[in-house]
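Colleague: The numbering used here applies: residue 189 is where the sequence shown begins, and numbers increase by one.
In this text, a Cβ means the ideal position worked out from N, Cα and C, and glycines have one as well.
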Amino acid sequence: MSFDWHNPYPSIRIPLFARNVVSTSHPLAAQAGLRLLLAGGNAVDAAIAAAAMLTVVEPVSCGLGSDAFALVWDGQSLQGLNASGTAPAAWTPEYFRQRHGEDGKGHAKRPVRGWDSITVPGAVAGWAALHERFGKRPFADVLAPAAEVAERGITIAPIVAHKWAAAVPDLRDQPGFAEAFMPGGRAPRTGEKFVFADAARTLRLLGEQGARAFYEGEIGEAIIAHARATGGNLSAADLRDYRPEWVTPISQRYRGYDVHEIPPNGQGIAALIALGILEHFDLASLAVDSAASQHLQIEAMKLAFADVYRYVADPRSMEVTPEQMLDPAYLAQRAKAIDPGKASNPGFGLPRSGGTVYLSVADENGMMVSFIQSNYMGFGSGVVVPGYGVSLQNRGAGFSSDPASANVVAPGKRPFHTIIPAFLTRDGVAQMSFGVMGGDMQPQGHVQTLVRMLDYGQQPQAACDAPRWKVNRDFSVDLEASMNADAVRGLHTLGNTLKSVEDPYMDFGSGQFIWRLSDDPNHGYVAASDGRRDGQAVGF
Numbered sequence: 189m190s191f192d193w194h195n196p197y198p199s200i201r202i203p204l205f206a207r208n209v210v211s212t213s214h215p216l217a218a219q220a221g222l223r224l225l226l227a228g229g230n231a232v233d234a235a236i237a238a239a240a241m242l243t244v245v246e247p248v249s250c251g252l253g254s255d256a257f258a259l260v261w262d263g264q265s266l267q268g269l270n271a272s273g274t275a276p277a278a279w280t281p282e283y284f285r286q287r288h289g290e291d292g293k294g295h296a297k298r299p300v301r302g303w304d305s306i307t308v309p310g311a312v313a314g315w316a317a318l319h320e321r322f323g324k325r326p327f328a329d330v331l332a333p334a335a336e337v338a339e340r341g342i343t344i345a346p347i348v349a350h351k352w353a354a355a356v357p358d359l360r361d362q363p364g365f366a367e368a369f370m371p372g373g374r375a376p377r378t379g380e381k382f383v384f385a386d387a388a389r390t391l392r393l394l395g396e397q398g399a400r401a402f403y404e405g406e407i408g409e410a411i412i413a414h415a416r417a418t419g420g421n422l423s424a425a426d427l428r429d430y431r432p433e434w435v436t437p438i439s440q441r442y443r444g445y446d447v448h449e450i451p452p453n454g455q456g457i458a459a460l461i462a463l464g465i466l467e468h469f470d471l472a473s474l475a476v477d478s479a480a481s482q483h484l485q486i487e488a489m490k491l492a493f494a495d496v497y498r499y500v501a502d503p504r505s506m507e508v509t510p511e512q513m514l515d516p517a518y519l520a521q522r523a524k525a526i527d528p529g530k531a532s533n534p535g536f537g538l539p540r541s542g543g544t545v546y547l548s549v550a551d552e553n554g555m556m557v558s559f560i561q562s563n564y565m566g567f568g569s570g571v572v573v574p575g576y577g578v579s580l581q582n583r584g585a586g587f588s589s590d591p592a593s594a595n596v597v598a599p600g601k602r603p604f605h606t607i608i609p610a611f612l613t614r615d616g617v618a619q620m621s622f623g624v625m626g627g628d629m630q631p632q633g634h635v636q637t638l639v640r641m642l643d644y645g646q647q648p649q650a651a652c653d654a655p656r657w658k659v660n661r662d663f664s665v666d667l668e669a670s671m672n673a674d675a676v677r678g679l680h681t682l683g684n685t686l687k688s689v690e691d692p693y694m695d696f697g698s699g700q701f702i703w704r705l706s707d708d709p710n711h712g713y714v715a716a717s718d719g720r721r722d723g724q725a726v727g728f
């Protein structure tokens, strides 16, 4: 790829060039990863160190009770890890009906916050699985930077402070939240110090005793005791029996590259469907920021989401397979449904039967890691385990209560997940580790940034800085305020229901990108970090 190194968009970031790179949404997390690389660790050690640090410095997005996914290029092949949690054994539609009543459709209500939104947390088990297979440095050393910062305290960054304050009204009454995250009775402000001693204690215990302490030992016992005392139904067996899964990534060919995602229960397949549809259009013949180019991408994304929302769930309950959803003939058929002159509100097709943080790391030996973890909605469930600083995700809110849905809640089942790491290869060799965090924006961010790089030759930081759009679940379209006026008018003329959203923190995602510059390992990488967060790309 011969990039145009000019950046046509307003930016506070420049590309980083180095042989060892860590790119995250917070500078201290990036530096934690760099510290492990300087100490002789590899990209996996650095990724875990950065992920642990993010639970301390960006608790609005992730915590020790998060879920996680990873794609790892070990120098020879790409491997996937699904560390998303499973539903407690007590969870059925009838369980929710008895506790929360019914909605207007006769289905059980499912709460968005609190204990009945919490599936088994998978991130810590994911860290351990990655470290056991690939890590070089002792686990305690990998977690030490995060523990040290949690003990001494952090100075709150601006975007983190803003989102922290916004979460307080909804979560202040959840068990353990105020004690952990409202020192002095409020959210800490930008520039104030926040000490997270409870999380430091847990990180030290994990370093000394290993991740099973979280699921069976002292930490796990504290989680279950808190559940029993405050109305939760998460059991000791739910924690004890949990294991993350190594999975085979799914992929889609696009412009001579292969784009890889984790298979369902995640929504990464949405990006692959959209790219498979766009492969049938000559985007490069259209101006990069024109309404015509953006329209085709938006329509492809709508078609992808129509299928994903209909079919994607825990793969054990899906009625079609990812292979059927990505069948070339089916995607060619879906591409014909796009009218270049008119916006649509599409339905799903019929395939032939048969708050989040993202980080990217690469080292000079060729190992590359694409890693994402999340508590889902801001601080997740709002439930925090006293004395241990474990803030628990609310991924259970992703289940359906409709018995006809493949995503209906059931014991031991994984819910539909929004968080998705991504990876790019060319001719079977690693090319880029990348991801864009932010709910439903994630596959859309994958598509938009890849189109800019692969169709238009924009360098990673420019592709990251460019204005974005987001297709909503009702197929209306949000537009970032920086999108050019001609494109906005054109998209409106094509029949889109448009919005302009001023808050880019969640609505348009935030990405990290590491692109391998050549086959020569001494040539290194170029990295980009999204200015929509407090983040940074660092390297040596």
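Return helix, strand or coil for residue 189, following the three-state DSSP convention.
Modeller: Here residue 189 sits in coil by DSSP.
Colleague: Which residue comes first and which comes last in the alpha helix (DSSP H) that contains residue 286?
Modeller: Unbroken alpha helix (DSSP H) run through residue 286: 281-288.
Colleague: Starting from the Cα of residue 544, find the closest Cα among 247, 191, 215 and give me that residue.
Modeller: Ranking 247, 191, 215 by Cα distance to residue 544 puts 247 first.
Colleague: Using DSSP bridges, identify the partner residues of residue 714.
Modeller: 205, 703.
Colleague: Are there 16 or more other CB atoms within 10 angstroms of the CB of residue 449, so buried, or fewer, so exposed?
Modeller: So residue 449 counts as buried.
Colleague: Hey, how far is the Cα of residue 640 from the Cα of residue 290?
Modeller: Going from the Cα of residue 640 to the Cα of residue 290 covers about 45 angstroms.
Colleague: Residues bridged to residue 448 by DSSP?
Modeller: Answer is 439, 611.
Colleague: Write down the C-beta distance between residue 683 and residue 524 rounded to the nearest angstrom, noting that I regard them as a contact closer than 8 angstroms.
Modeller: About 18 angstroms separates the two Cβ atoms, so there is no contact after all.
Colleague: For residue 553, is the classification buried or exposed, using 16 other Cβ atoms within 10 angstroms of its Cβ as the cut-off for buried?
Modeller: Exposed, because fewer than 16 other Cβ atoms sit within 10 Å of the Cβ of residue 553.
Colleague: What does a CB cutoff of less than 8 angstroms around residue 430 pick up in its chain, not counting 5 residues either side in sequence?
Modeller: Hits under 8 angstroms: 273, 274, 308, 310, 313, 403.
Colleague: So if DSSP puts residue 256 in a beta bridge, which residue, or which two residues, is it bridged to?
Modeller: Residue 256 pairs with 271, 561.
Colleague: Assign residue 662 to buried or exposed, taking buried as 16 or more other Cβ atoms, counted over all protein chains shown, within 10 Å of its Cβ.
Modeller: That one is exposed.
Colleague: Please state if the CB of residue 653 and the CB of residue 199 are separated by a distance shorter than 8 angstroms.
Modeller: Yes, Cβ-Cβ distance for residue 199 and residue 653 is below 8 angstroms.
Colleague: When you compare only the Cα positions, how much space is there between residue 438 and residue 510?
Modeller: Cα-Cα distance, rounded: 8 angstroms.
Colleague: Residues in the same chain with beta-carbon distance under 6 angstroms from residue 724, minus the five sequence neighbours each way, listed in chain order, please.
Modeller: Around residue 724: 215, 218, 717.
Colleague: Check whether the segment 487-504 touches the segment 460-479, counting contact only when three or more Cβ pairs, one atom from each stretch, lie closer than 8 angstroms.
Modeller: Yes: the two stretches touch, three or more of their Cβ pairs being nearer than 8 angstroms.
Colleague: Would the beta-carbon of residue 244 fall within 8 angstroms of that of residue 365?
Modeller: Contact: no.
Colleague: Would you mind giving the Cβ-Cβ distance between residue 344 and residue 378, rounded to the nearest angstrom? I have them listed as a contact below 8 angstroms.
Modeller: Right, the Cβ-Cβ distance comes to about 6 angstroms (below 8 angstroms), so this counts as a contact.
Colleague: So what does residue 146 bridge to, in DSSP terms?
Modeller: Not covered by the structure: residue 146. The range shown for the chain is 189 to 728.
Colleague: What would DSSP say about residue 304, mapped onto helix, strand or coil?
Modeller: If DSSP states are grouped into helix, strand and coil, residue 304 belongs with the helices.
Colleague: For residue 458, which residues of its own chain have a beta-carbon under 7 angstroms away from its beta-carbon, when the five flanking residues on both sides are left out?
Modeller: Hits under 7 angstroms: 492, 493, 496, 631.
Colleague: Using C-beta distances below 8 angstroms, list every residue in its chain close to residue 535, excluding the 5 sequence neighbours before and after it, in chain order.
Modeller: Answer for residue 535: 494, listed in chain order.
Colleague: From which residue to which residue does the alpha helix (DSSP H) around residue 233 run?
Modeller: Per DSSP, residue 233 belongs to the alpha helix (DSSP H) from 231-245.
Colleague: Please state if the CB of residue 334 and the CB of residue 237 are separated by a distance shorter than 8 angstroms.
Modeller: Yes.
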